[in-house]
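Q: Okay, handing you the structure first.
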Amino acid sequence: MREPLQEEALRGAGFVETRPPAGFGELWRSYRCEDGGCTGWFHVFSPGSAPWSISIHDFTMRGDFVMDLTPPRYLTVTWFKSIAGMELSPRRRLRPDSVWGQSIGAGPWEGVAHGGVPVQCVAIEVTPEFSARFLDDEYPDRFRGVERAFISLESFDEFPEMRTLLSRLWPRPGDRERSSLYYEGKVLQAMGLIVERSRHPRVVAGRRRVAPGDRERMRDVLRYIDDHCCADLRIDDLARMACMSPTKFKETFRRLNGRTLTRYVQGRRMSRAELLLRRPELTIGRVARTVGYTSASRFAALFKREVGVLPSEYRERLDV
Numbered sequence: 181m182r183e184p185l186q187e188e189a190l191r192g193a194g195f196v197e198t199r200p201p202a203g204f205g206e207l208w209r210s211y212r213c214e215d216g217g218c219t220g221w222f223h224v225f226s227p228g229s230a231p232w233s234i235s236i237h238d239f240t241m242r243g244d245f246v247m248d249l250t251p252p253r254y255l256t257v258t259w260f261k262s263i264a265g266m267e268l269s270p271r272r273r274l275r276p277d278s279v280w281g282q283s284i285g286a287g288p289w290e291g292v293a294h295g296g297v298p299v300q301c302v303a304i305e306v307t308p309e310f311s312a313r314f315l316d317d318e319y320p321d322r323f324r325g326v327e328r329a330f331i332s333l334e335s336f337d338e339f340p341e342m343r344t345l346l347s348r349l350w351p352r353p354g355d356r357e358r359s360s361l362y363y364e365g366k367v368l369q370a371m372g373l374i375v376e377r378s379r380h381p382r383v384v385a386g387r388r389r390v391a392p393g394d395r396e397r398m399r400d401v402l403r404y405i406d407d408h409c410c411a412d413l414r415i416d417d418l419a420r421m422a423c424m425s426p427t428k429f430k431e432t433f434r435r436l437n438g439r440t441l442t443r444y445v446q447g448r449r450m451s452r453a454e455l456l457l458r459r460p461e462l463t464i465g466r467v468a469r470t471v472g473y474t475s476a477s478r479f480a481a482l483f484k485r486e487v488g489v490l491p492s493e494y495r496e497r498l499d500v
């Protein structure tokens, strides 16, 4: 297995290779950091000399971390479960529960990830040579703009199919071990989704496009929701912020995010709960109340649906 494409960044942050945790099979390569400035994991799946890899980030930094790297050249599509930060050139905000495409390595990459917020994401990385071979095999003489297709994936986009594919690549304790062929199939599936979305955006989305003005207002509302996800959010109030009727707001929100407002808020709350469960001084009941639930049993059921395990089981695996 070759070195991760992020090797330079891993060394700079103090990660060292170690045994994979529960849920990750022998085919995964895991790194851990506990130097005080950063705590958590980085996992990578890259069999042999394969021209693709799958990486999982799951760590929290104490303070802001500025990245100024010159990595090898590759294309990547990422689903951010949790993140706070900014890509500096071009200037784009990194936000949670978003799908993000990039072309890395054409020059130095600069960005900042904010401390105190978990960096949790799943990414597929492919070399330009792999993408060229994929196009020759699947779209001979019909499509050449794969790099442009990756870059066109914004952090606020209608791509629930990719979000679902990437989120399911994160192994959970108790999952049966997957083969290299399984993961390679998912990489090829992701490539196909990106190309088809670029060639036929309206067909893939399956939904009427959102007007630019509505999209911009919804960006502002979504930022508000992300910042206040544990509060009592009311549709009427959010609709007024977006200058929409409640019915139009609900339809537009689902069109842009691929899920209802309720499911989105629940997902954000559970991401916040994962961070709080790492603090041993907080009881599970206190965590439930902090993220907006008066019923600990209701919180536990929603947490298991989103994360795959009960809060108590999650905490046990953290040794908290």
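Everything in the sequence shown is counted per the working numbering, starting at 181 for the first residue and increasing by one.
Ideal Cβ positions, reconstructed from N, Cα and C, are used throughout, including at glycine.
(1) How about Val299 and Trp350: do their beta carbons lie closer than 7 angstroms?
(2) Starting from Thr240, follow the beta strand (DSSP E) in both directions and report where the run begins and ends.
(3) Taking 6 angstroms as the limit between beta carbons, can you name the residues of its chain near Glu305, skipping five residues before and five after?
(4) To which residues does DSSP link Cys218 through a beta bridge?
(5) Quick check: what's the CA-CA separation for Val292 versus Met342?
(6) Please classify Arg448: does DSSP put it in a helix, a strand, or coil?
(7) Is it true that the CB of Val401 sits closer than 7 angstroms to the CB of Phe339?
(8) Given this structure, state the Cα-to-Cα distance separating Leu482 from Val489, to the nearest angstrom.
(9) Would you decide whether Thr258 is buried or exposed? Buried here means 16 or more other CB atoms lie within 10 Å of its CB.
(10) Near Met181, which residues of its chain fall below 7 angstroms by C-beta distance, leaving aside the five closest residues on each side in sequence?
(11) Please state whether DSSP places Phe204 in a helix, a strand or coil.
(12) Do Cys501 and Gly194 have their C-beta atoms closer together than 7 angstroms?
(13) Give me the Cα-Cα distance between Asp416 and Lys366, rounded to the nearest whole angstrom.
(14) Along the chain, where does the alpha helix (DSSP H) containing Glu197 start, and where does it finish?
(15) Relative to the C-alpha of Thr198, which candidate in Arg434, Tyr211 and Thr240 has its C-alpha closest?
(16) With which residues is Gln186 paired in a DSSP beta bridge?
(17) Let me know if Ser425 comes out buried or exposed under the rule of 16 or more other beta-carbons within 10 Å of its beta-carbon.
(18) What residues are listed by DSSP as bridge partners for Leu255?
(19) Tell me the DSSP secondary structure of Gly365 in three-state form.
(20) Taking the CB atoms as reference points, tell me whether Glu146 and Pro231 lie closer together than 7 angstroms.
(21) Would you mind stating whether Gly281 and Leu274 have Cβ atoms separated by less than 7 angstroms?
(22) Can you tell me which of the three DSSP states Ala476 falls into?
(23) Excluding the 5 residues flanking Lys484 on each side, which residues of the same chain have their C-beta closer than 7 angstroms to its C-beta?
(24) If you draw a straight line from the C-alpha of Thr470 to the C-alpha of Ala480, how long is it?
(25) Tell me the rounded alpha-carbon separation between Ile263 and Asp317.
(26) Can you have a look at Gly386 and say buried or exposed, based on whether 16 or more other CB atoms are within 10 angstroms of its CB?
(27) Among Arg397, Ala411 and Tyr404, which residue has its Cα nearest to the Cα of Cys423?
(28) Which first and last residues belong to the alpha helix (DSSP H) in which Asp417 is found?
(29) For a test of the three-state rule: what should DSSP assign to Val224, helix, strand or coil?
(30) Measuring CB to CB, does Thr344 end up less than 7 angstroms from Asp394?
(31) In this structure, how does DSSP classify Gly372 when only helix, strand and coil are distinguished?
(32) Nearest-angstrom Cα distance between Glu486 and Gly447?
(33) Can you name, in chain order, every residue of its own chain whose Cβ lies under 8 angstroms from the Cβ of Leu368, other than the five neighbours on each side?
(34) Rounded to whole angstroms, how far is the Cβ of Phe239 from the Cβ of Phe260, which I believe are closer than 8 angstroms?
(35) Can Arg434 and Cys409 be called in contact, C-beta distance under 7 angstroms?
A: The short version:
(1) no
(2) Trp232 to Met241
(3) Leu185, Ser233, Tyr254 and Thr256
(4) Met241
(5) 25 angstroms
(6) helix
(7) no
(8) 10 angstroms
(9) buried
(10) Residue confidence is low: Met181 scores 46 on pLDDT, short of 50, so the model does not pin down where it sits. Its coordinate-derived value is still stated next. Taken in chain order, the residues that qualify are Arg209, Ser226, Pro227 and Gly228.
(11) coil
(12) Because residue 501 is not part of the residues shown, which for the chain are 181 to 500, the question remains open.
(13) 40 angstroms
(14) Where Glu197 is concerned, there is no enclosing alpha helix (DSSP H), although the beta strand (DSSP E) it sits in stretches over Val196 to Thr198.
(15) Tyr211
(16) Bridge partners of Gln186: none, in fact.
(17) exposed
(18) Ser283 and Val306
(19) helix
(20) Because residue 146 is not part of the residues shown, which for the chain are 181 to 500, the question remains open.
(21) no
(22) helix
(23) Leu490
(24) 13 angstroms
(25) 36 angstroms
(26) Reliability fails at Gly386, whose pLDDT of 43 lies under 50, so the model's placement of it is uncertain and no value is given.
(27) Arg397
(28) Ile415 to Met421
(29) strand
(30) no
(31) helix
(32) 7 angstroms
(33) Phe314
(34) Wrong, their Cβ atoms sit about 13 angstroms apart, outside the cutoff.
(35) no
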